[in-house]
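A.B. asks:
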Amino acid sequence: MNKVKEINPLVHCMTNMVVTTFTANGLLALGASPVMAYAKEEVEDMAGAAGALLLNIGTPSVELAHAMILAGKAANKAGKPVILDPVGAGATPFRTQICHQILEEVDVTIIRGNAGEAAALLGLEGTVKGVDGSLEGDKLEVAKQLANTYQCIAVVTGDIDVITDGSNVQTIANGHEWLTKIVGAGCLLGGVVAAFAAVSDRKDDVETAASAVSYYGVAAEKAFQETKKEGFGSFAQSFINQLGMMTEDEARSMRREAR
Ligand code: ATP
Ligand code: TZP
Ligand code: MG
Ligand code: MG
């Protein structure tokens, strides 16, 4: 049986208002127990009780950033992994600044973002333009620099995903471009990485995150095979089904590294 299904971890998601239901359904399918909680009055208690905390800044506000920092500190105190999705970092100074504030005050375990967001957190806007999806050039370096700068695991996604702690690198080639056609594919991945981290023994966070990314990508490949004649709406549904029905063994056997 899959470890997430076996343990059914509580995953505290502070995510954006676009993707809450999709994220909750994806995590439920996977076998985790999602809870969305945002009020400053309760986030410390919830984060302390959960197996992992997801901070996704997709629809930010000053109040929400403050609550995320409270939750992050409580998760740190309880020794629980914290996953940051810096949605839209670099798109506005406000978003970049919120991420920097979180990263300054919270010990973030894993940052999961696309290459542009990862570069923006490092003040490198533009340097990854055009190379997203390629392991050549900046993407690998940006991931390593992100991991080293924030002493965390960097999960930089695109057509190829790079997972690194700054020295060990895993590259995952699973996934399907139809994931770019449904909203929340990146955001739900942050939740899935959080669920895998919640049930891991934390001995190898790079491998844990890589397994989550690969499992997710294989689910997308299988969903595409089922729905390629139908379209993106059916794909989204089938993808949730696959997240629930697939076994970790199946994912392992279909795992593809990029090099
Ligand atoms: P963006 O806003 O750039 O779409 P995102 O936050 O949605 O970013 P993605 O980089 O799209 O995050 O990653 C989400 C998932 O989609 C990952 O599992 C990734 O492997 C997959 N993915 C993204 N683009 C492709 C692609 N062209 N081919 C295959 N899989 C992809
Ligand atoms: N606007 C603010 S957050 C959000 C949108 C469209 C969702 C982004 O989702 P993802 O997973 O990064 O594609
Ligand atoms: Mg995407
Ligand atoms: Mg995103």
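Per the numbering used here, the very first residue in the sequence shown carries number 17; after that it's consecutive.
We treat Cβ as the ideally placed atom computed from N, Cα and C, and that holds for glycine.
Here the structure is a predicted model, which means the values were calculated and not measured.
Given 7 Å as the limit, tell me if asparagine 184 has its C-beta closer than that to any heavy atom belonging to ligand 2.
C.D. replies: Start at 1 with the first residue of the sequence shown, and residue 184 comes out as number 168. Using a cutoff of 7 Å, the CB of asparagine 184 does not count as near ligand 2, since none of the ligand's heavy atoms is closer than that.
A.B. asks: In angstroms with no decimal places, state the Cα-to-Cα distance between glutamate 237 and leucine 71.
C.D. replies: For the purposes of this step, residue 237 is identified with residue 221 of the sequence shown, where counting begins at 1. For the purposes of this step, residue 71 is identified with residue 55 of the sequence shown, where counting begins at 1. Between glutamate 237 and leucine 71, the C-alpha separation is close to 27 Å.
A.B. asks: Please report the straight-line C-alpha distance between alanine 45 and threonine 112, rounded to a whole angstrom.
C.D. replies: Stepping through the sequence shown from its first residue, residue 45 is reached at position 29. Stepping through the sequence shown from its first residue, residue 112 is reached at position 96. Rounded to the nearest angstrom, the two C-alpha atoms are 32 Å apart.
A.B. asks: With the cut-off set at 8 Å, would you say threonine 31 and cysteine 203 are in Cβ contact?
C.D. replies: What you label residue 31 is simply residue 15 of the sequence shown in a count that begins at 1. What you label residue 203 is simply residue 187 of the sequence shown in a count that begins at 1. Their beta carbons are under 8 Å apart, which means threonine 31 touches cysteine 203 by this criterion.
A.B. asks: Pull up the distance between the alpha-carbon of alanine 251 and that of threonine 187, whole angstroms please.
C.D. replies: Position 235 of the sequence shown, counted from the start, is the residue given in the question as residue 251. Position 171 of the sequence shown, counted from the start, is the residue given in the question as residue 187. Sequence inspection shows phenylalanine at residue 251; the alanine mentioned does not correspond to that position. Distance between phenylalanine 251 and threonine 187, taken at the CA atoms: about 25 Å.
A.B. asks: Kindly examine ligand 1 and report whether one of its heavy atoms sits closer than 7 Å to the Cβ of aspartate 331.
C.D. replies: No statement about residue 331 is possible, as the shown extent of the chain runs from 17 to 275 and does not include it.
A.B. asks: Considering Cα atoms alone, identify which of Glu58, Ile126, Ser269 is closest to glycine 207.
C.D. replies: Here residue 207 refers to the residue found at position 191 of the sequence shown. The option with the nearest alpha carbon to glycine 207 is Ile126.
A.B. asks: If we ignore side chains and look at the alpha-carbon of each, how far apart do glutamine 241 and alanine 48 end up?
C.D. replies: The residue you call residue 241 lines up with position 225 of the sequence shown. The residue you call residue 48 lines up with position 32 of the sequence shown. Going by the C-alpha atoms only, they are around 25 Å apart.
A.B. asks: Would you call the region 95 to 108 in contact with the region 73 to 84, where contact means no fewer than 3 C-beta pairs closer than 8 Å?
C.D. replies: yes
A.B. asks: Valine 185 to arginine 268, Cα distance in whole Å?
C.D. replies: Residue 185 sits at position 169 when you count from the first residue of the sequence shown. Residue 268 sits at position 252 when you count from the first residue of the sequence shown. Cα to Cα, valine 185 sits roughly 18 Å from arginine 268.
A.B. asks: To which residues of the same chain is glutamate 79 closer than 8 Å at the C-beta, ignoring the five residues directly before and after it?
C.D. replies: The sequence position of residue 79 within the sequence shown is 63, counting from 1. Excluding sequence neighbours, glutamate 79 sits near Lys56.
A.B. asks: In whole angstroms, what is the alpha-carbon distance linking aspartate 154 and alanine 40?
C.D. replies: By 1-based counting over the sequence shown, the position of residue 154 is 138. By 1-based counting over the sequence shown, the position of residue 40 is 24. Aspartate 154 and alanine 40: Cα-Cα distance of roughly 33 Å.
A.B. asks: Could you tell me whether the region 227 to 234 touches the region 80 to 94, where touching means 3 or more Cβ pairs closer than 8 Å?
C.D. replies: no
A.B. asks: So the candidates are Tyr166, Val178, Val215; which of them puts its Cα closest to the Cα of arginine 272?
C.D. replies: The residue labelled residue 272 in the question sits at position 256 within the sequence shown. That would be Val178, whose Cα lies nearest to the Cα of arginine 272.
A.B. asks: Rounded to the nearest angstrom, what separates serine 183 and alanine 274 at their Cα positions?
C.D. replies: Working through the sequence shown from its first residue, we reach residue 183 at position 167. Working through the sequence shown from its first residue, we reach residue 274 at position 258. Their Cα atoms are separated by approximately 17 Å.
A.B. asks: In chain order, what residues of the same chain lie with their CB nearer than 8 Å to the CB of lysine 96, ignoring the 5 residues before and after it?
C.D. replies: On the sequence shown, position 80 is the one that residue 96 refers to. Only Ala63, Gly64, Ala66, Gly67, Ala68, Leu69, Ala214 meet the Cβ criterion.
A.B. asks: What is the rounded straight-line gap between the Cα of methionine 262 and the Cα of valine 20?
C.D. replies: Taking the first residue of the sequence shown as position 1, residue 262 is located at position 246. Taking the first residue of the sequence shown as position 1, residue 20 is located at position 4. Distance between the alpha carbons of methionine 262 and valine 20: 12 Å.
A.B. asks: With DSSP as the reference, identify every bridge partner of lysine 101, one or two as the case may be.
C.D. replies: Here residue 101 is taken as the residue at index 85 of the sequence shown, counted from 1. Per the sequence shown, residue 101 should be read as aspartate rather than lysine. Paired residues: Asn72.
A.B. asks: Hey, which unbroken runs of the beta strand (DSSP E) at 3 residues or more fall wholly within the region 180 to 263?
C.D. replies: 185 to 188
A.B. asks: Around the Cβ of glutamate 246, are there at least 16 other Cβ atoms within 10 angstroms (buried) or fewer (exposed)?
C.D. replies: On the sequence shown, position 230 is the one that residue 246 refers to. By the 10 Å Cβ count, glutamate 246 comes out exposed.
A.B. asks: Using CA atoms only, rank isn't needed, just tell me which of Ala226, Lys244, Val222 is closest to alanine 189.
C.D. replies: Within the sequence shown, the letter at position 173 stands for residue 189. Nearest C-alpha to alanine 189: Ala226.
A.B. asks: Less than 8 Å separating the beta-carbons of alanine 134 and valine 172?
C.D. replies: Taking the sequence shown and counting its residues from 1, one reaches residue 134 at position 118. Taking the sequence shown and counting its residues from 1, one reaches residue 172 at position 156. Taking 8 Å as the Cβ cut-off, alanine 134 and valine 172 qualify as a contacting pair.
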